[in-house]
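Everything below concerns the one structure shown next.
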Amino acid sequence: MTSRISYPGPQFPAPVALSLDLPEGWVGNPTSGTVLAAFKPGSSNEFTPNVVVTTSRFGADYRVESAVEAVQQSVNEIPDAVVLGSETLDIAGFPGFRIEFSFTDPRVGTLVQAVRVVVVANGGVSDLVTVTGSATATQAKTMWSEVQAVQQSLTASV
Numbered sequence: 126m127t128s129r130i131s132y133p134g135p136q137f138p139a140p141v142a143l144s145l146d147l148p149e150g151w152v153g154n155p156t157s158g159t160v161l162a163a164f165k166p167g168s169s170n171e172f173t174p175n176v177v178v179t180t181s182r183f184g185a186d187y188r189v190e191s192a193v194e195a196v197q198q199s200v201n202e203i204p205d206a207v208v209l210g211s212e213t214l215d216i217a218g219f220p221g222f223r224i225e226f227s228f229t230d231p232r233v234g235t236l237v238q239a240v241r242v243v244v245v246a247n248g249g250v251s252d253l254v255t256v257t258g259s260a261t262a263t264q265a266k267t268m269w270s271e272v273q274a275v276q277q278s279l280t281a282s283v
């Protein structure tokens, strides 16, 4: 006897619905490997400040603590990463975590990144949502609040 599974379906629900609010001057840009991506256009010969959103699907028992551990391990593996701050907080109405750090990129110099992770229970699964904002240290001096505002605007619903 055969059976059929389908996506989306009861066993494999549609992914979490996500949205971001973009400040004036920012644009959305479909980017490989992301579900949402936005950037602030600038000079063609400099780093483009951006915010990207990715999702990963896990079993129903996946918890934000596991995501926090994975993010912290990733940051710790960057040779010269300096953590600027981290905290647990609600993200889009769900328990989440934020970490901001800087590191040297050989192509553009010092980069500042902010990573937010949130786990959204979605039927019989959990969707991990990761929101990453990036800018050079020089750009961050004048526009880091914009990167943070885009991240903070995340909404998520199932």
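Okay, so the sequence shown: first residue is 126 according to the working numbering, each after it adds one. Built from N, CA and C at the ideal position, the CB exists for glycine as well.
In this structure, DSSP gives glutamine 276 a helical state, which the three-state scheme calls helix.
Residue environment: lysine 165 is assigned as buried (16 or more neighbouring CB atoms within 10 Å of its CB, all protein chains considered).
The residues Arg241, Val243, Leu279, in chain order, have a CB closer than 7 Å to that of isoleucine 216 in the same chain once the five nearest residues on each side in sequence are set aside. In the DSSP annotation of this structure, serine 191 is not part of any beta strand (DSSP E); the continuous alpha helix (DSSP H) holding it starts and ends at 189-201. Distance from the CA of valine 178 to the CA of tryptophan 151, rounded to the nearest whole angstrom, comes to 15 Å.
In the DSSP secondary-structure assignment, arginine 182 is bridged to Asp252.
Contact between the segment 180-194 and the segment 248-257 is present, with at least three C-beta pairs closer than 8 Å. Annotated as proximal: valine 237 and alanine 262, with beta-carbon spacing under 9 Å. Under the DSSP definition of a beta bridge, valine 177 partners with Ala162, Thr257. Rounded to the nearest whole angstrom, the CA to CA distance from leucine 209 to arginine 232 is 22 Å. Phenylalanine 222 and valine 189 have their C-alpha atoms some 8 Å from each other. When the alpha-carbon of proline 140 is set against those of Leu161, Glu212, Ala206, Val207, the nearest one is in Leu161. DSSP places threonine 263 in the helix class (H, G or I) of the three-state scheme.
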